[in-house]
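Protein chains in written order, with the working numbering: chain A, 23 to 292; chain B, 23 to 292; chain C, 23 to 292.
Below you'll find the structure, written out as structure tokens, and then a few comments.
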């Protein structure tokens, strides 16, 4: 099982989740993806889940609690794909998995009405533990469809020289991850396999590439941070295969004037 | 086994505790409650232990290290109840468990005199690991009684309209937890079952309740944060059943002028 | 297995490492030493590894990722001693273990060329998991020698009254750890067994000791923090046996003007 929350580790909340999981599913192996999702930021949570999930063991059950609407009308759900099950609020958290992995089988979790403020402990963790112990999805509630899906971030090959996308995430080091990818270098070409199926696969020339920023500035696409001087900006293919904007031994988020949603271009000049 | 300390996670200290536990009790399942108890704050630690322990597996062994007097005369102890064992300093850490669960069987841990500054590693973790491996409590030291118990926070039904208590904890989000509870909504009534046995159970009318603050301000008792506007204060029954004071998408500790120990009233106006 | 990185816990990076380890070595027990090594600080990482490793179970495999040169020419290695295996970059990380435990058997890890920015996930974690699953060291790459070793911190008995060393580490509480030790109190004497073999063992008189600071100030060597008044400086034998400089309920790093590398003396005045 894997946990992804915005609870932080200062309080007892993560420990309580793990206590409930360990009580109900004593043999489960618990992996923390992070408990420091920016508080209430469902889009960041959805991105982090997309990013981490390929590296977790197959059939992992994800306990997902970033839930700014806890206690309101939003539903609790469990969503099952061939390769993973996610348990959490129906607030968009699973959007990018749906785009990548297809429509899951979803049930709405029975609400035992025990707590208005800590559904992670009272609803989601018990459901995740039951699934880990072999309970069938359909025994946890009636089938439904996900109600809330986040918009798919823009990725568009506007010409053979320009691919347009946007900043979709800021990592803890201040690197800015864009929606342009997945980029697979293959010899003299780069294969662009859109990460959320935005358009068909295509091939780009692999040399003399740059990232175009909103103000017209360009950053060279290089292999790694040390390919530019300290304090200089760079573009690179990040560890998830997406185009990223960074600053060598610095923070792109602080140095460059780029926010979430800012338009970024991949320029093929070769 | 569960760990609750003020070591933080920046240094190696938590890893060393877990190394000692894993060396001596390789099969033990380790759950972190928190390592971010405010440094040296035994009262906060006692509260967090009270709060988390109902959700950990039965028979959990708690390794408890918040120990501002390490190296001084305070004793190391292990305290055993039917449902849990706690290992740590005799400095008040276990006070609220004593109030809730009754007097434990206590032994004073032999002090091997190996270290003056890291009893967690040299005394408490080895003792906890031995207990996890089946060593009997009495084999770890001579029977004693706990010397230091924190005062029981005030909770008093002063009339059928007013219950008085105090702020006992600030959670990492800035919510202020009071000593008024445990409050169990039961239809048109709320059952007040004092969390540390301060007085007998009683019943309150469940409608038109408010929290009275020291300056005379009142906050409505609502179900959840979104029941008030963003930035507004509210009172609610927290996930432990205690009356809490919060601010929707904000921090009560920052917004309201309320400190630990401040008097709070539950006003029954219905 | 144990993990020591500078990834922090805000992002998904530690979770991804654990996902890879759990996928390839499902039975491995994972212990976090810390993920908050100051970013890119190989010397601090080497010190923390030296400090923690005696308390981890024998035959632990250490996944060590503090790697400011990731993607550059530095090699990835696995280094094997009788008691432990370390996997990580050949950048000095294992220096203090070499000084303490002798020359290890080292291989250079095959580089599958899959990622330029996340060798922890793509090279080091898979190698560590394979070793945990029984793969022989020599199956992971060709034998080499470690290329980069940090200088051994100074420790010199300049007279029977003065031992000279330097500040080698600042812990998260602001305590300053020096290179003077390991100090073993033995009755009326202290045995000095140099932690990195800087010189032969010797014996010091155990009474009337002090730490001499660069400006000429002296701090008494006492047993524990509470032996001096709040806010006062002290010297003490830390939990690793090294002479440390602290301030009771304060931060030596903030209060005293001492940086890494500053000369400190142990003065034997008895």
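Glycine residues also receive a C-beta, built at the ideal position from the N, C-alpha and C atoms.
Practice task
Work out the CA separation of residue 289(B) and residue 205(B) for me, nearest whole Å.
Solution key: 13 Å
Problem - Proximity test, Cβ basis, 8 Å: residue 56(B) and chain C - result: no
Handout entry: residue 77(B), enclosing beta strand (DSSP E) - first and last residue
Key = From DSSP, residue 77(B) is part of no beta strand (DSSP E); its letter is neither H nor E.
Handout entry: Contacts of residue 122(C) in chain A (Cβ-Cβ under 8 Å)
Key = Within chain A, no residue comes near residue 122(C); the closest Cβ sits about 31 Å away, beyond 8 Å.
Problem - Where the alpha helix (DSSP H) through residue 40(B) begins and ends - result: 35-46
Handout entry: Other residues of its chain near residue 121(B): CB distance less than 7 Å, five sequence neighbours each side excluded
Key = 174, 218, 219
Exercise for the section: Decide yes or no for the touch test of the region 74-82 of chain C against the region 33-42 of chain B: beta carbon pairs closer than 8 Å, at least 3 of them. Expected result: yes
Exercise for the section: For residue 198(C), collect the residues of the same chain with a Cβ closer than 7 Å to its Cβ; drop the 5 residues on either side in sequence, then sort them by chain order. Expected result: 189, 192, 266, 267, 274, 275, 280
Practice task
Taking residue 32(A) as the query, report the chain B residues whose CB atoms sit under 8 Å from its CB, ordered along the chain.
Solution key: 56, 58, 194
Handout entry: Where the region 64-75 of chain C meets chain A: residues whose CB sits under 7 Å from a CB there
Key = none
Exercise for the section: Enumerate in chain order the residues of its own chain whose CB-to-CB distance from residue 56(B) is below 7 Å, with the five nearest sequence positions on each side excluded. Expected result: 26, 70
Problem - For residue 266(C), the residue or residues it bridges with in DSSP - result: 199(C), 258(C)
Practice task
Would you identify the three-state DSSP class for residue 276(C), choosing helix, strand or coil?
Solution key: helix
Practice task
Check distances from the C-beta atoms of the region 250-263 of chain A to those of chain C and list, in chain order, the residues that come in under 8 Å.
Solution key: 258, 259, 260, 261
Handout entry: CB contact check: residue 143(A) to chain B, cutoff 8 Å
Key = yes
Problem - Cβ-Cβ distance between residue 224(C) and residue 179(C) below 8 Å - result: yes
Problem - Status (buried if at least 16 other CB within 10 Å, exposed otherwise) for residue 73(C) - result: buried
Exercise for the section: Report the option in 84(C), 229(C), 30(C), 292(C) whose CA atom is closest to the CA atom of residue 150(C). Expected result: 84(C)
Handout entry: Proximal chain A residues relative to residue 78(B), where beta-carbon distance stays under 9 Å
Key = 37, 38, 40, 41, 42, 44, 45
Practice task
Using a Cβ cut-off of 7 Å, pull out every chain C residue sitting near residue 140(B), in sequence order please.
Solution key: 261
Practice task
State the DSSP-derived secondary structure class of residue 190(B), mapped to helix, strand or coil.
Solution key: strand
Exercise for the section: Go ahead and pull the three-state DSSP assignment for residue 271(C). Expected result: coil
Exercise for the section: Determine the burial state of residue 229(A): buried for a count of at least 16 other Cβ atoms within 10 Å of its Cβ, exposed for fewer. Expected result: exposed
Practice task
Locate the beta strand (DSSP E) running through residue 218(B), then write down its first and last residues.
Solution key: Per DSSP, residue 218(B) belongs to no beta strand (DSSP E) and is neither H nor E.
Exercise for the section: For residue 86(A), I'd like the list of residues in its chain whose CB is within less than 6 Å of its CB, leaving aside the five on either flank, ordered along the chain. Expected result: 26, 108, 110, 115
Exercise for the section: State yes or no: is the C-beta of residue 202(C) within less than 8 Å of the C-beta of residue 177(C)? Expected result: yes
Exercise for the section: Measure from the alpha carbon of residue 269(B) to the alpha carbon of each residue in 161(B), 214(B), 196(B), then state which is nearest. Expected result: 196(B)
Exercise for the section: Compute the beta-carbon to beta-carbon distance between residue 131(C) and residue 100(C), rounded to the nearest angstrom, for a pair I have assumed lies under 8 Å. Expected result: 6 Å
Practice task
Report the rounded CA-to-CA distance for residue 282(B) versus residue 140(B), giving the unit in angstroms.
Solution key: 29 Å
Practice task
Using a Cβ-Cβ cut-off of 8 Å, state whether residue 91(A) counts as contacting chain B.
Solution key: yes
Practice task
Hey, could you find the ends of the beta strand (DSSP E) residue 177(B) is sitting in?
Solution key: 177-179
Practice task
Classify residue 156(C) as helix, strand or coil using the three-state DSSP reduction.
Solution key: coil
Problem - For residue 248(C) and residue 234(B), believed in contact at Cβ under 8 Å, the rounded distance - result: Between residue 248(C) and residue 234(B) the Cβ distance is about 41 Å, and since that is not below 8 Å, they are no contact.
Exercise for the section: Just grab the DSSP bridge partners of residue 225(A) for me. Expected result: 213(A)
Handout entry: Proximity below 8 Å, CB of residue 154(A) to CB of residue 227(A)
Key = no
Exercise for the section: Could you pull the start and end residues of the alpha helix (DSSP H) that residue 123(C) belongs to? Expected result: 117-123
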